[in-house]
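In the UniProt record's numbering, the protein residues as written are 1 to 352. Ideal Cβ placement from N, Cα and C applies to all residues, glycine included. Take a look at the structure below.
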Amino acid sequence: MGNDTTTQKIGPQTLKKSIQKTIKETSVISILILLPVILFFASFLIGRYPVSPLDVLMALLPIKTNLSPAVYTVVWDIRLPRIIAAMIVGAALSVSGASFQGTFQNPLVSPDILGVSAGAGFGAALAILLGSSPVMIQVMAFGFGLIAVSLTYFLSRNFKGNTILMMVLGGIAIGALFSALTSCIKYLADPNSKLPEIVYWLMGSLSSVNSSSIMMIIVPILIGFTALLLVRWRLNVLSMGDDEARALGINIDKLRILVITCCTLLTAAAVSISGIIGWVGLVIPHVARMIVGPDHRKLLPASIALGAFFLLLVDDVCRTAVSIEIPLGILTAIIGAPFFVYLLNKGYEGWS
1 MGNDTTTQKI
11 GPQTLKKSIQ
21 KTIKETSVIS
31 ILILLPVILF
41 FASFLIGRYP
51 VSPLDVLMAL
61 LPIKTNLSPA
71 VYTVVWDIRL
81 PRIIAAMIVG
91 AALSVSGASF
101 QGTFQNPLVS
111 PDILGVSAGA
121 GFGAALAILL
131 GSSPVMIQVM
141 AFGFGLIAVS
151 LTYFLSRNFK
161 GNTILMMVLG
171 GIAIGALFSA
181 LTSCIKYLAD
191 PNSKLPEIVY
201 WLMGSLSSVN
211 SSSIMMIIVP
221 ILIGFTALLL
231 VRWRLNVLSM
241 GDDEARALGI
251 NIDKLRILVI
261 TCCTLLTAAA
271 VSISGIIGWV
281 GLVIPHVARM
291 IVGPDHRKLL
301 PASIALGAFF
311 LLLVDDVCRT
321 AVSIEIPLGI
331 LTAIIGAPFF
341 VYLLNKGYEG
351 WS
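Below you can see the structure in the form of structure tokens.
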């Protein structure tokens with residue numbers, strides 16, 4: 001009877017706590033999803049050309065209206081592609097950072113750890129130097145981003161030692177090589193025309209994004225997001241260490257290659273349309289962990305939502321704060337670096 005009574009007393013309490021926890025998690029997830037959705041619509045109202053909420057709604061809906069062509073141009077050709085691009089880039093960098101941090105079991109890892117950003121920067125700089133079209137600049141940035149990571153992986157497989165350590169060190173070496181090559185291109189570029197364009201691209205901006213740019217990256221973006229979300233529960237095991245993962249029957253080599261491939265696709269695609277934007281993939285995953293915890297089943301969706309919200313908010317500030325547009329990379333560094341110092345000072349250990 002004693003045991004039955006104890007069970008009856010504990011059972012409702014456990015159930016109540018479980019329900020409360022579920023409600024809390026659902027509320028948090030709902031808020032995280034609503035943040036980028038609300039900002040998505042609010043961003044149409046932000047800009048030098050004023051557009052009312054009603055005009056935005058009427059322009060977006062497939063109905064006949066008496067709106068001026070200028071409103072349709074602003075909403076569909078200027079602001080919509082840029083808003084979507086900011087959300088895609090922010091989400092891609094953030095989820096890549098969260099996945100890499102779990103895969104490499106290191107809170108300081110960011111999406112460019114394997115040299116993808118340096119390779120993409122070199123590809124774009126080379127295309128600008130050669131006078132290529134905007135489409136070719138995007139293609140070369142994406143292609144050289146993939147080449148850089150391929151070289152990093154090749155180095156890590158051909159040197160003895162810890163695979164993760166060799167991959168990180170190889171990424172540092174390849175990144176430094178492509179950064180040096182980019183510096184050579186800047187040295188050779190015409191200081192009156194090509195050099196400013198290269199420097200501005202490397203600082204990160206979405207000012208030249210259009211619907212064609214988004215369509216070119218949509219396939220690798222969808223592949224990367226889908227694959228990472230499907231294997232996100234396996235990242236929990238991988239983040240505990242190789243021995244534990246092997247004991248549970250997970251092929252860590254194949255899983256690590258899959259994660260690296262998906263993150264590379266996402267990062268290369270994002271960088272190819274936005275330039276090099278730092279700190280998003282490093283800081284946002286930490287913020288997501290503070291909110292939802294280290295479970296990758298919740299962490300990756302939270303990182304996607306927070307990354308999309310953060311970069312869209314930063315882009316709105318960049319294009320409206322002053323008369324001249326601020327490069328994205330500058331503002332993300334100004335915000336990200338102090339916040340990361342705050343995390344270090346706080347002694348935050350929730351990444352694992």
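- Take the alpha-carbon of T65 and the one of S208: they are about 28 Å apart.
- Nearest in C-alpha terms to I88, of all of P36, L343, I260, N236, is P36.
- Between the beta-carbon of Q105 and that of G241 there is about 7 Å, and that keeps the pair under the 8 Å contact cut.
- Around the beta-carbon of P338, fewer than 16 other beta-carbon atoms lie within 10 Å, marking it exposed.
- Under the three-state reduction of DSSP, D190 is assigned to coil, being neither helix nor strand.
- Counting along the chain, V317 sits inside the alpha helix (DSSP H) bounded by residues 296–320.
- Judged by DSSP in its simplified three-state form, F339 adopts helix.
- The region 82–134 is shown to contain whole alpha helix (DSSP H) runs of 4 or more residues at 116–129, in chain order.
- Contiguous alpha helix (DSSP H) elements confined to the region 132–182 occur at 134–157, taking only those with 4 or more residues.
- Here the alpha carbons of R297 and L54 stand approximately 38 Å from one another.
- Look at W279 here: in three-state DSSP terms it is coil, with no helix or strand label.
- Counting every other CB atom within 10 Å of its CB across the protein chains shown gives S99 a total of 16 or more, marking it as buried.
- A distance of 8 Å or more separates the beta carbons of L306 and R232.
- For R246, the CB contacts under 8 Å within the same chain, skipping 5 residues up- and downstream, are I252 in chain order.
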